[in-house]
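Input: a single structure, listed below in structure tokens.
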Amino acid sequence: FYLGVMLPLWSSYLVKVYAWKLILAKEGILTWLLAKLNLLWLLDGWLSLPIVGGNSLSVSFTGTFIVFVYVWLPFMILPVQAALERVPGNLVEASSDLGASPGQTFRNVLFPLALPGIVAGSIFTFSLTLGDYIIPQIIGTSRLFIGQAVYSQQGTAGNIPLAAAFTVVPIVIMGFYLWGAKRMGAFDAL
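What follows is the structure, encoded as structure tokens:
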């Protein structure tokens, strides 16, 4: 499991993005596989949807989402895995001995103890995704993400005050998220 999570981190960021550009292209391996499985109609139907679709997966919001998940998912999995490894096994065993169902054990024992890892992983993935401008530039269309807006306002237009205002948005959102997580007791298990 650990090797499967770490494997995407061993290659360059740009290599991964361009590899996904080829995989998701109209003549890419994913389209070829769906054609062999006679499921190309499903892909065409999905791509015809107005918001998520496009000419191919490599220029659609769906493709951008797939690449974001692939690139940043290890940064979510590793803190959650570290938090789950810190949970003593005897707590799960005691919960079972006291008659708790697996769902109750997860909800009342594992989830509260893993919450700091979930919060840390979600902050990593949220901030990295929100500030990324390369994936939407290479995969996807001309839709503006915050990272692209900052880059275009600062680089092309020279509008540094507006670019600075755009950079404050993720900081404020993460501040409210951390405040809410602290109020819910997410850091009590640390």
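In this note's numbering, the protein residues as written are 155 to 344. C-beta atoms are modelled at their ideal positions from N, C-alpha and C, and glycine is treated no differently.
In the three-state scheme derived from DSSP, where H, G and I count as helix and E and B as strand, ILE325 is classed as helix. The stretch 309–324 makes no contact with the stretch 237–250; the number of CB pairs closer than 8 Å stays below 3. Ranked by Cα distance from LYS336, the options PHE222, PRO270, GLY243, PHE278 are led by PRO270. Under the DSSP assignment, TYR156 falls in the alpha helix (DSSP H) whose first and last residues are 156–160. Annotation for GLN291: GLN302 place their beta carbon closer than 7 Å to its own, counting only its chain and skipping 5 residues before and after.
By the neighbour-count criterion, in which 16 or more other beta carbons inside 10 Å mark a residue as buried, THR218 falls on the buried side. PHE229: member of the alpha helix (DSSP H) spanning 228–239, first to last residue. By the neighbour-count criterion, in which a residue is buried when 16 or more other Cβ atoms sit within 10 angstroms of its Cβ, MET230 is buried.
SER212 is a Cβ neighbour of LEU178, given a cutoff of 9 Å.
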